[in-house]
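Report on the following structure.
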Amino acid sequence: MISDNFEKLFEEAKKVREKAHVPYSQFKVGAAFLTEDNSIVAGCNVENAAYPQSQCAEAS
Numbered sequence: 001m002i003s004d005n006f007e008k009l010f011e012e013a014k015k016v017r018e019k020a021h022v023p024y025s026q027f028k029v030g031a032a033f034l035t036e037d038n039s040i041v042a043g044c045n046v047e048n049a050a051y052p053q054s055q056c057a058e059a060s
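The sequence shown stops at residue 60 when you use full-length UniProt numbering, and every number in between is there.
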């Protein structure tokens, strides 16, 4: 059985994935994590023409 927290995190990651900016790879990524105070923090990948300056989902 999947926990309620996992379901919430999974849904947040899927939702934020749609905000990804991926003109080069076309590969959208979303990530979400739960803080100690039960807040959810989510982010997505953002590609940039200056490739090393791109941002992965886990860091955004």
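Where a beta carbon is used, it is the ideal one built from N, C-alpha and C, also for glycine. These numbers come from a predicted model, not from an experiment.
Ordered along the chain, which non-local residues of its own chain (more than five positions away) have a Cβ less than 6 Å from that of N45?
In the sequence shown, counting from the first residue as 1, residue 45 sits at position 45. Here the set comprises A20, V29, C56 and A57.
Alpha carbon to alpha carbon, how far is L34 from A50?
The residue labelled residue 34 in the question sits at position 34 within the sequence shown. The residue labelled residue 50 in the question sits at position 50 within the sequence shown. If you take the alpha carbons of L34 and A50, they lie about 31 Å apart.
V16 in three-state terms, based on DSSP
Here residue 16 corresponds to residue number 16 of the sequence shown, with the count starting at 1. Of the three classes helix, strand and coil, the one that applies to V16 here is helix, per DSSP.
Run through DSSP, which three-state label would F6 get?
The residue you call residue 6 lines up with position 6 of the sequence shown. F6: helix per DSSP, three-state reduction.
Where the beta strand (DSSP E) containing F27 begins and where it ends
Start at 1 with the first residue of the sequence shown, and residue 27 comes out as number 27. Looking at the DSSP string, F27 is not in any beta strand (DSSP E), and its letter there is neither H nor E.
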